[in-house]
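Residue 158 in the working numbering sits at position 117 of the sequence shown; the count goes up by one each step and never skips. All C-beta atoms in this analysis are idealised placements derived from N, C-alpha and C, irrespective of residue type, glycine included.
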Amino acid sequence: MPNHQLAPLVEPADELTIDEVRRYSRHLIIPDVGMAGQKRLKNAKVLVIGAGGLGSPALLYLAAAGVGTLGIAEFDEVDESNLQRQIIHQQSDIGKSKAQSAKESVLETNPYVEVVLHEERLDNDNVMQVFEGYDLIVDGTDNFATRYMVNDAAYFLGIPYVWGSIYRFDGQASVFAPTLAEDAPCYRCLYPEPPPPGMVPSCAEGGVLGVLCASIGSIQVNEAIKLITGIGDPAVGQLVIYDALELSWRKLRVRKDPQCALCGENPTVTGLIDYETFCGAVSDEAAEAAAGSTISVVQLEHMLKERAEGTRDFVLVDVREPNEYEINQIPGAVLIPKGEFLNGNALEQLPSDKQIVMHCKTGVRSAETLAIVKGAGYADAVHVGGGIAAWVNQIDPSQPSY
Ligand SMILES: [Zn+2]
């Protein structure tokens, strides 16, 4: 695992009042935090995106810890179905603005916190303005379009952020800080592309164990405090994976992708893009190529068996990035990242007399490379619907998913 001893993100405030010293005494007597660390927390400006499942515990613990300024970006209203996990809101808050409700709970927890509300939906027109001036962002959003926008805007402004995601019994977290360390990845390094629409159900569709929000939200605060005060080894370049049913934590290494569209050597994303379109759909060419040329992971498993028996021959190509390939693999796949198809190098590496079978994470990128390969004359080429995500899910659950 990479070790990132980063300098504290925030300079210490001038002083703590007597009341503050009393309040934070259990922090002050930890040598690693001490007076200097607590003063850094007091001076810190942290923006929490969403006062929902992750934002609720994150805001309460950031407030209790003494973070001096807390921004809350939230435009929704409290619904009864939120109360199963969004513990910052209470019965009497139903129907109220979530931002306002969260602010009241924060101030009830710690009146020394300055709360700034951003009661608007974050979009390309306001995101840079909202983010500006914050030292750190804690991302508790639940949709991909916003996540990519948060990642890109934070990168352009040089603001590190702590990301978390939850679904049913599974949680993930990481710190994305490509401007703080040379080898530090961004969200796009880990997830170069969003899942196809409808592929990953939201918590609203699939459900979430309420207490999972506390597990992941508190990890996000843990990382935020470490970054602000400069203690410990933050999860920069690390993907933390939590399985509540197994009660297991895992850490996977996430490398910076030199080909990353945002923080790589030749970036193609140099400003905010249309995130709804980006997360919307595959291209027409890819959809056309995939029609009738998509196999299931069960079919692939059968084909691999036949190949092992010598009754069938084909080349299985994994078109993901090397850092994704390190996390999980379909046995026997050769790695040729999508970029190699776009620049034409991949075609030289493919045999002309064998069937080409391609896969990626969920089937979006492999549909695009399928269009290229078919265009080059491989009429019988196919790709794997659902990609390695489906493979892990249906064929080999012993491998990690991401
Ligand atoms: Zn990146």
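For VAL339, the enclosing alpha helix (DSSP H) has its first and last residue at 338-350. At a threshold of 7 Å, GLY312 does not count as near ligand 1, since its beta carbon sits no closer than that to any of the ligand's heavy atoms. Residue LEU250 holds the alpha-carbon nearest to the alpha-carbon of ILE128 among LEU250, GLU56, MET399. HIS400 is a Cβ neighbour of ILE371, given a cutoff of 8 Å. The C-beta separation of PRO233 from GLU389 comes to about 23 Å, leaving the pair out of contact by the 8 Å criterion.
A Cβ-Cβ contact shorter than 8 Å links SER259 with TYR102. The three-state reading of DSSP puts ASP211 in strand, counting E and B together.
Inter-segment contact for the stretch 90-101 and the stretch 180-193 is present: three or more beta-carbon pairs are separated by less than 8 Å.
GLY278 has its Cβ no nearer than 7 Å to any heavy atom of ligand 1. In terms of CA proximity to THR309, ARG229 leads the group PRO378, LYS395, ARG229. With a cut-off of 7 Å, the C-beta of ARG294 is classified as distant from ligand 1, since no heavy atom of the ligand falls inside that distance. Separation of PRO275 and LEU253 (C-alpha to C-alpha, rounded to the nearest whole angstrom) is 21 Å. Among the bridge pairs identified by DSSP, THR335 is matched with HIS424. In chain order, GLN79, GLY107 place their CB closer than 6 Å to the CB of TYR65, counting only its own chain and leaving out the 5 sequence neighbours on each side.
In this structure, the C-beta of ASP180 stays at least 7 Å away from each heavy atom of ligand 1. Short of 7 Å from the beta carbon of ALA105, and not among the five residues preceding or following it, lie these beta carbons of its own chain, in chain order: THR150, ASN151. Just measuring C-alpha positions, the residue of ASN307, ALA48, VAL277, LEU268 sitting nearest PHE217 is VAL277. The beta strand (DSSP E) runs of length 3 or more contained entirely in the stretch 87-113 do not exist; there are none.
Sorted by chain position, residues whose beta-carbon lies closer than 7 Å to a non-hydrogen atom of ligand 1 are PRO219, PRO226, CYS227, ARG229, CYS230, LYS297, ASP298, CYS301, LEU303, CYS304, GLY305.
8 Å or more divides the Cβ of TYR208 from the Cβ of CYS304.
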